[in-house]
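Notes follow once the structure below has been shown.
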Ligand SMILES: [Zn+2]
């Protein structure tokens, strides 16, 4: 390919799904305007890397969102893989046991062991040795969809608790067993958790929900090659028109392999707005170069859990 052809090809790829009429406009300013107005939503598969099927939704099959309901929500949104973790773990097992229905809906369930048996465990798990025992019992049991692939989501409301014995034990267990970890923590806790298990694959739920500066997120991604950022509830992520804010767009272009999207269906309202949540992701993904959009939307998650 000659240089001129290469530059045209490269520019075309950078523009993503921009309509052909935009390519006829040579002014950089006009190309920018054209891009903002006509980029179309990403239309490929999605990996939902932060899905809860909690008791409130499932309710032992009697809740407001039984398995066929949640599978239908995934299917109609093109969600082809989900990282499932539920309070209690029975919700994830129920999804896993429905693998024939999930397969028919085109959904693969990646099961994680949640650390919470009930709401009380959210704030006490880090000092509760029985959580480690429960996790080991679940890992030994596995699910109908195969072995558990990770631990979490867990929360640390005080990052100092990341140094506690339970967090240490679980991070080391994850590293030794090749399990990923989904953690809702601040940036200080990321350093503390990674110190326990430097090779562990840590998915940072919400990538700094407290408003960790983008520069600090970038520094952590650079320091820990196995750190991934999940993007639900991340303040400051999107700007005008639902597109990525410039600093985040730049970071994703720099680290396209390190981000994931997720629903965080922690309450039933999130199930009820599942369509809008996924449409919101598709909107800003459509503003990225197609290969970057595809990586963040699906491939990064799928690669994490490919044997
Ligand atoms: Zn969550």
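In this note's numbering, the protein residues as written are 220 to 526. Note that CB positions come from ideal geometry on N, CA and C, so glycine has one too.
Would a C-beta distance cut-off of 8 Å place residue 504 and residue 515 closer than the cut-off?
For this step, residue 504 is matched to residue 285 along the chain shown. For this step, residue 515 is matched to residue 296 along the chain shown. Closer than 8 Å, so yes.
At 3 residues or longer, what runs of the beta strand (DSSP E) sit wholly inside the stretch 298–330?
298–303
Is DSSP giving residue 525 helix, strand or coil here?
For the purposes of this step, residue 525 is taken as residue 306 along the chain shown, with counting starting at 1. Residue state, collapsed to three classes: coil.
Indicate, with yes or no, if ligand 1 has a heavy atom lying under 7 Å from the CB of residue 490.
Working through the chain shown from its first residue, we reach residue 490 at position 271. No.
At a cut-off of 7 Å, is residue 485 close to ligand 1 when judged by its beta-carbon and the heavy atoms of the ligand?
Within the chain shown, the letter at position 266 stands for residue 485. Yes, Cβ of residue 485 sits closer than 7 Å to a heavy atom of ligand 1.
Let me know the alpha helix (DSSP H) ranges lying completely inside the stretch 384–414, each 4 residues or longer, listed in chain order.
384–396
Residue 372 beta carbon near ligand 1 (any heavy atom closer than 7 Å)
The residue labelled residue 372 in the question sits at position 153 within the chain shown. Yes; taking the cut-off as 7 Å, the Cβ of residue 372 has a heavy atom of ligand 1 nearer than that.
Rounded to whole angstroms, what's the CA-CA distance from residue 340 to residue 390? Just pull it up for me.
Within the chain shown, residue 340 is the residue found at index 121, counting from 1. Within the chain shown, residue 390 is the residue found at index 171, counting from 1. Rounded to the nearest angstrom, the two C-alpha atoms are 18 Å apart.
Which whole-angstrom value is the C-beta distance of residue 422 and residue 399, which I expect to be below 8 Å?
As a working note, residue 422 is residue 203 in the chain shown. As a working note, residue 399 is residue 180 in the chain shown. Confirmed, about 6 Å.
Which term fits residue 381, buried or exposed, when burial requires 16 or more other beta carbons within 10 angstroms of its beta carbon?
Within the chain shown, numbered from 1, the residue matching residue 381 stands at position 162. Flag for residue 381 reads buried.
If you drop the 5 nearest sequence neighbours on each side, which residues of the same chain put their C-beta closer than 6 Å to that of residue 462?
Position 243 of the chain shown, counted from the start, is the residue given in the question as residue 462. 503 and 506, listed in sequence order.
Check whether the Cβ atoms of residue 378 and residue 347 sit closer than 8 Å, and answer yes or no.
The count along the chain shown starts at 1 and reaches residue 378 at position 159. The count along the chain shown starts at 1 and reaches residue 347 at position 128. For residue 378 and residue 347, no; Cβs fall outside 8 Å.
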